[in-house]
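**Student:** A single structure is presented below for examination.
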Amino acid sequence: MTGFVDVHSHVVFGVDDGAQSLDHALALVTEARDSGTRLLFATPHVAPPYHNLNASHERIARIRRNCATIIEQAPNGIEVRLGFEVTARPHRLRSDDDVHRFRLAGTELVLIDGPQAVPWIGDSTMERYVRRIRSEGLTPILAHPERRVCWRGDHDYGFAERMKAAGALLQIDASGLTGADGPGCDVEARRLLAEGLIDLIGSDGHGTKSPVRLDVARTMAAEVVGEAAATRMVDGSVLGL
Ligand SMILES: [Fe+2]
2 MTGFVDVHSH VVFGVDDGAQ SLDHALALVT EARDSGTRLL FATPHVAPPY
52 HNLNASHERI ARIRRNCATI IEQAPNGIEV RLGFEVTARP HRLRSDDDVH
102 RFRLAGTELV LIDGPQAVPW IGDSTMERYV RRIRSEGLTP ILAHPERRVC
152 WRGDHDYGFA ERMKAAGALL QIDASGLTGA DGPGCDVEAR RLLAEGLIDL
202 IGSDGHGTKS PVRLDVARTM AAEVVGEAAA TRMVDGSVLG L
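So in the numbering used here, spot 230 of the sequence shown is number 231, and the numbers just go up one at a time.
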């Protein structure tokens, strides 16, 4: 199968810091298709209960409604599926918290929000949440590990390796690799690629600084790991998609 599979994007409109209208969402989906993406997972943030990006019944219903509208109106040549980007928190470790509801549709994958620019509410739970997802027979994908060093600047160069050892697939952001996420992210993303730690490239596209496209990042990754390995990071083969 040719074409890219993007496991991380914020094209569901009006539910987080991504697309803000249906028109905006469809423009982003069209850009994804035109740059070679064949399967796009729309992964709105799901954060703790007290946060405005929570997983309340009402908010999840709105996400499902808005995503269904996008799927209905998506241009030919690209499939859009719903997923989530889950922030790790202690309550997500409880046995009665259903991990399966956050799967990327049609898969056994769960996308976990990774490091941010400052100490983040999910930090202390992230590794345990990776293990929890594994224990449920699912595969966790940890987003943007490169930010731990380039945004946080705390020199925790072992972070990505620990998450991988815990059982996560590691997904760098296209906007990290291209430098759109700021100075140093490209350097750190390349270091992680060179060390063989990276499984996937996702756009994490929001439509402003981070476009919903993988083509440029794939080419840049190929400079580090070669054409074949870079292609495997974006073509869905690692995920059986
Ligand atoms: Fe994201």
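The beta-carbon is built from N, C-alpha and C at its ideal position, and this holds for glycine as well.
Would you list, in sequence order, the uninterrupted beta strand (DSSP E) runs of no fewer than 3 residues that lie entirely inside the stretch 120-182?
**Tutor:** Segments of the beta strand (DSSP E) lying fully in the stretch 120-182: 140-144 and 170-174.
**Student:** Out of G123, E109 and A48, which one is the CA nearest neighbour of D17?
**Tutor:** If you number the sequence shown from 1, residue 17 lands on position 16. The residue with the shortest Cα to Cα distance from D17 is A48.
**Student:** Taking three-plus beta-carbon pairs below 8 angstroms as touching, is the stretch 67-79 in contact with the stretch 92-105?
**Tutor:** Contact fails: fewer than three Cβ-Cβ distances are below 8 angstroms.
**Student:** Ends of the beta strand (DSSP E) at T38?
**Tutor:** For the purposes of this step, residue 38 is taken as the residue at position 37 of the sequence shown. T38 -> beta strand (DSSP E) spans T38 to A43.
**Student:** State yes or no: is the C-beta of D216 nearer than 7 angstroms to some heavy atom of ligand 1?
**Tutor:** Residue numbering aside, residue 216 sits at position 215 when the sequence shown is read from its first letter. No, the Cβ of D216 stays beyond 7 angstroms of every heavy atom of ligand 1.
**Student:** To which residues does DSSP link E246 through a beta bridge?
**Tutor:** What the structure shows of the chain is the stretch from 2 to 242, and residue 246 is not part of that stretch, so it cannot be assessed.
**Student:** Skipping 5 residues on each side, what residues in its chain have a beta carbon closer than 6 angstroms to that of G237?
**Tutor:** Here residue 237 is taken as the residue at index 236 of the sequence shown, counted from 1. Answer for G237: V6, listed in chain order.
**Student:** Alpha carbon to alpha carbon, how far is D200 from K210? Give it in angstroms, no decimals.
**Tutor:** Taking the first residue of the sequence shown as 1, we reach residue 210 at position 209. Taking the first residue of the sequence shown as 1, we reach residue 200 at position 199. Approximately 23 angstroms between the Cα atoms of the pair.
**Student:** Which one of H52, H9 and L198 has the shortest CA to CA distance from I122?
**Tutor:** Counting from 1 along the sequence shown, the entry for residue 122 is found at position 121. Of the candidates H52, H9 and L198, the one whose C-alpha sits nearest the C-alpha of I122 is H52.
**Student:** Helix, strand or coil for L201 per DSSP?
**Tutor:** Counting from 1 along the sequence shown, the entry for residue 201 is found at position 200. Looking at L201 - three-state DSSP - the assignment turns out to be strand.
**Student:** Once the 5 residues before and after H101 are set aside, which same chain residues still bring their CB inside 8 angstroms of it?
**Tutor:** One-based indexing of the sequence shown puts residue 101 at position 100. For H101, where only same-chain residues beyond five positions count, the Cβ hits under 8 angstroms are E137 and L139.
**Student:** Say whether the stretch 61-68 touches the stretch 27-42, bearing in mind that this needs 3 or more beta-carbon pairs closer than 8 angstroms, one atom from each stretch.
**Tutor:** These segments do not touch.
**Student:** Taking the alpha carbon of R129 as the reference point, which residue from S204, P146 and A89 has its own alpha carbon closest?
**Tutor:** Within the sequence shown, the letter at position 128 stands for residue 129. Out of S204, P146 and A89, A89 has the C-alpha closest to the C-alpha of R129.
**Student:** Can you find the residues in the same chain that come closer than 8 angstroms, C-beta to C-beta, to L193, ignoring five residues on each side of it along the sequence?
**Tutor:** Here residue 193 corresponds to residue number 192 of the sequence shown, with the count starting at 1. Around L193: P146, E147, A161, L171, I173 and I199.
**Student:** May I ask you to check if the CB of A43 is nearer than 7 angstroms to at least one heavy atom of ligand 1?
**Tutor:** In the sequence shown, counting from the first residue as 1, residue 43 sits at position 42. Answer for A43: no, Cβ out of range of ligand 1.
**Student:** In this structure, how does DSSP classify F14 when only helix, strand and coil are distinguished?
**Tutor:** Residue mapping note: residue 14 aligns to position 13 of the sequence shown, counting from 1. It is coil, neither helix nor strand.
**Student:** Assuming the contact rule is C-beta atoms closer than 8 angstroms, L29 and V12 should be a hit. Round their C-beta distance to whole Å, please.
**Tutor:** Against the sequence shown, residue 29 aligns to sequence position 28. Against the sequence shown, residue 12 aligns to sequence position 11. At roughly 5 angstroms, the Cβ-Cβ gap stays under 8 angstroms, so L29 and V12 are in contact.
**Student:** How about R149 and P116: are their beta carbons less than 8 angstroms apart?
**Tutor:** Walking along the sequence shown from the start, residue 149 turns up at place 148. Walking along the sequence shown from the start, residue 116 turns up at place 115. Yes.
**Student:** Going by Cα to Cα distance, which pick from E80, D124, V81 and I134 is closest to S96?
**Tutor:** By one-based count along the sequence shown, residue 96 stands at place 95. With distances taken between Cα atoms, S96 lies closest to I134.
**Student:** Check each candidate in G84, G168, D187 and Q21 and name the one with the smallest Cα separation from L40.
**Tutor:** Mapped onto the sequence shown, residue 40 falls at position 39. The residue with the shortest Cα to Cα distance from L40 is G84.
**Student:** Considering only C-alpha positions, which residue in the set T31, D182 and V188 is nearest to E80?
**Tutor:** Position 79 of the sequence shown, counted from the start, is the residue given in the question as residue 80. Comparing Cα-Cα distances from E80 to each of T31, D182 and V188, the minimum goes to T31.
**Student:** Tell me whether D205, by its Cβ, gets closer than 7 angstroms to a heavy atom of ligand 1.
**Tutor:** Translated into the one-based positions of the sequence shown, residue 205 becomes position 204. Answer for D205: yes, Cβ within range of ligand 1.
**Student:** Could you check whether the Cβ of A144 sits closer than 7 angstroms to any heavy atom belonging to ligand 1?
**Tutor:** Along the sequence shown, read from residue 1 onward, the residue named residue 144 stands at position 143. Under cutoff, so the answer is yes.
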